[in-house]
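Trainee:
Residue numbers (my numbering): 1 to 94.
1) What residue range does the alpha helix (DSSP H) around residue 4 cover?
2) Select from 40, 14, 61, 6 the residue whose C-alpha is nearest the C-alpha of residue 51.
3) Roughly how many angstroms lie between the CA atoms of residue 82 and residue 43, to the nearest whole one?
4) Identify, in the order they occur along the chain, each residue of the same chain with its Cβ nearer than 7 Å to the Cβ of residue 78, setting aside the five sequence neighbours on each side.
5) Using only CA atoms, which one of 76, 1, 91 lies nearest to residue 57?
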């Protein structure tokens, strides 16, 4: 699902809201999650999951075309861990 599809679904489910307002709300939520992650904070949405940032140390990699060694710098990677409720919806028992 894309961001525009999410906005459309929310707007369809809540006919009392204007689509432009839904766009602002969804945009604000995503912007706030991105801002918090950029500051190294963790964002937890109960029942859905948690966003965090993981650090990958610098290492020596290999260029797959030439086989030459390449220095890969330290990186910070966004990470998502699903919440219990979402995991149970995706993997129903029985």
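Just so it is clear, CB atoms sit at the ideal spot from N, CA and C, and this is done for glycine as well.
Since we're looking at a predicted model, the values are computed, not measured.
Mentor: With the structure as the only source:
1) Looking at the DSSP string, the run of the alpha helix (DSSP H) that includes residue 4 is 3–13.
2) 40
3) 12 Å
4) 37, 51, 53
5) 76
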